[in-house]
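> Below is a structure I'd like to ask you about.
Residue numbers (my numbering), protein chains in the order written: chain A, 219 to 333; chain B, 12 to 121.
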């Protein structure tokens, strides 16, 4: 078990559905991240939030929409996804500002399958 | 040239042996170095991090950093079958740069 909690653990959705992934941490971390990971590849950065504000968007398609309602929560809203978006979606958090010298701690991930 | 390079393996070692995992990086200004373990289908788990040249030990794990040669390694002593996983090297570069290597697959043979 990790201190970063992601829900749901698995999600199957059609290309016309709207769904959301949720991430929660109570470590007081001020930087939160969304990554996408395909099989046998390293995590690929999508978004970074610093002190609840979006600081990095790695040219992610608009069908992915992040939201940070407060310092403990991070959401990823999904709409009109494509089959190639099927992957493991990882949330991570770290102390202070993003990409400081502090390590990132990952949640267990959400396994997303697009039909 | 990739920012962080790892031998993808697979690396196979017998149970009880020392497993040595290596990582090189290109950003000479890199400051922080992390090793993550990832079991198949699971999320990355932080094993160790190191900031200063030299060795850092934690139980069966030792991280070694040589900034002059731009490499960082992870040694696993008394390897166990449960250590079989992919090991990701991650590097915090200059500015807001953060890079993952492609990972080394380790198999510990009973």
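We treat Cβ as the ideally placed atom computed from N, Cα and C, and that holds for glycine.
Since we're looking at a predicted model, the values are computed, not measured.
1) Out of curiosity, what's the CA-to-CA distance linking residue 77 of chain B and residue 65 of chain B?
2) For the beta strand (DSSP E) that contains residue 117 of chain B, what are its first and last residues?
3) Can you check which of these residues, B:105, B:28, B:62 and B:33, is closest to residue 17 of chain B by C-alpha distance?
4) Buried or exposed, going by whether 16 or more other CB atoms sit within 10 Å of the CB of residue 95 of chain B?
5) Excluding sequence positions up to five away, which residues of its chain have a Cβ less than 8 Å from the Cβ of residue 232 of chain A?
6) If you measure between the beta carbons of residue 270 of chain A and residue 286 of chain A, is that distance less than 8 Å?
7) Less than 8 Å between the C-beta atoms of residue 227 of chain A and residue 329 of chain A, yes or no?
8) I need the DSSP call for residue 66 of chain B, collapsed to helix, strand or coil.
9) When the Cα of residue 121 of chain B is compared with those of B:90, B:85, B:111 and B:44, which residue comes out closest?
10) Using only the alpha-carbon positions, how far apart do residue 107 of chain B and residue 265 of chain A sit?
11) When the cut-off is 8 Å and only beta carbons count, does residue 42 of chain B lie next to chain A?
12) Might you give, ordered along the chain, the residues of its own chain that have their beta carbon closer than 6 Å to the beta carbon of residue 245 of chain A, omitting 5 neighbours on each side?
13) In this structure, how does DSSP classify residue 301 of chain A when only helix, strand and coil are distinguished?
14) Assess contact between the stretch 22 to 39 of chain B and the stretch 248 to 268 of chain A, defined as three or more Cβ pairs (one per stretch) separated by less than 8 Å. Is contact present?
15) Which class does residue 93 of chain B belong to by DSSP, given the choice of helix, strand or coil?
Let me lay it out:
1) As a position in the second chain, residue 77 of chain B is number 66, starting the count at 1. As a position in the second chain, residue 65 of chain B is number 54, starting the count at 1. Approximately 7 Å between the Cα atoms of the pair.
2) As a working mapping, residue 117 of chain B is identified with position 106 in the second chain. If you look at residue 117 of chain B, you'll find it in the beta strand (DSSP E) that goes 115 to 120.
3) To locate residue 17 of chain B, count along the second chain from 1; it is residue 6. Put simply, of B:105, B:28, B:62 and B:33 the residue whose alpha carbon is nearest the alpha carbon of residue 17 of chain B is B:33.
4) Walking along the second chain from the start, residue 95 of chain B turns up at place 84. The residue in question, residue 95 of chain B, is buried, as its Cβ has 16 or more Cβ neighbours within 10 Å.
5) Position 14 of the first chain, counted from the start, is the residue given in the question as residue 232 of chain A. Hits under 8 Å: 332 and 333.
6) For the purposes of this step, residue 270 of chain A is taken as the residue at position 52 of the first chain. For the purposes of this step, residue 286 of chain A is taken as the residue at position 68 of the first chain. For residue 270 of chain A and residue 286 of chain A, yes; Cβs fall inside 8 Å.
7) By 1-based counting over the first chain, the position of residue 227 of chain A is 9. By 1-based counting over the first chain, the position of residue 329 of chain A is 111. Taking 8 Å as the Cβ cut-off, residue 227 of chain A and residue 329 of chain A qualify as a contacting pair.
8) Your numbering for residue 66 of chain B matches position 55 in the second chain. It is a strand residue.
9) Your numbering for residue 121 of chain B matches position 110 in the second chain. That would be B:90, whose Cα lies nearest to the Cα of residue 121 of chain B.
10) The residue given as residue 107 of chain B occupies position 96 in the second chain. The residue given as residue 265 of chain A occupies position 47 in the first chain. Cα to Cα, residue 107 of chain B sits roughly 13 Å from residue 265 of chain A.
11) The residue labelled residue 42 of chain B in the question sits at position 31 within the second chain. So yes, residue 42 of chain B belongs to the interface.
12) Here residue 245 of chain A corresponds to residue number 27 of the first chain, with the count starting at 1. For residue 245 of chain A, where only same-chain residues beyond five positions count, the Cβ hits under 6 Å are 221.
13) Translated into the one-based positions of the first chain, residue 301 of chain A becomes position 83. In the structure shown, residue 301 of chain A adopts helical secondary structure according to DSSP, grouped into three states.
14) Touching, no, given that fewer than three Cβ pairs across the two stretches are closer than 8 Å.
15) As a first step, residue 93 of chain B must be located in the second chain, where it is residue number 82. Helix at residue 93 of chain B.
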